[in-house]
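Reading through the structure tokens given below for one structure.
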Amino acid sequence: MRTLCASTLIGEFFVIGFAGLVAMKDPDLTQATVWTVCGVAMLLSVLLCGMLSRPGAVQIGWALQIGLILSGLVVPMMFILGAVFAALWWCSVHYGRRIDTIKARWAALAETEAAQAPHGGAPNPL
121 MRTLCASTLI
131 GEFFVIGFAG
141 LVAMKDPDLT
151 QATVWTVCGV
161 AMLLSVLLCG
171 MLSRPGAVQI
181 GWALQIGLIL
191 SGLVVPMMFI
201 LGAVFAALWW
211 CSVHYGRRID
221 TIKARWAALA
231 ETEAAQAPHG
241 GAPNPL
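FYI, in my numbering the residues of the sequence shown are 121 to 246.
Written as structure tokens, this is what we have:
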């Protein structure tokens, strides 16, 4: 799960940065406003990447996704971008857990085969 979630967060980092460049062209928004919203979101996504192995990281990720959606109150483009990121986060968590389950089954099966194999635990080539 960590790999998919980290990939999503790094993708968010880059997309938010590019979205900030586009949002600066909006005459209703100041550069300071755009970079405050985008900069904070970018910083949080990178920091969360480093925390993915800690308990509660998925919940913090959800808080980040909700914050991205709510940042649309300041930079309207972020409503859509935040919704897309929330969907990607859900996919990363959902399918990442499935992948972790499959990997754990394979590891348990390999361990069982190694324990049952003759000649010092070497797996059966057949």
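Ideal Cβ positions, reconstructed from N, Cα and C, are used throughout, including at glycine.
Check, Outcome
"Nearest-angstrom Cβ-Cβ length linking residue 220 and residue 121, presumed shorter than 8 Å", "5 Å"
"Whole-angstrom C-beta distance between residue 162 and residue 137, which should lie under 8 Å", "6 Å"
"Within 8 Å, strictly: CB atoms of residue 179 and residue 209", "no"
"Length at least 4, wholly inside the region 146-219: the alpha helix (DSSP H) runs in chain order", "151-171 and 177-190"
"Alpha-carbon spacing of residue 215 relative to residue 154, whole angstroms", "33 Å"
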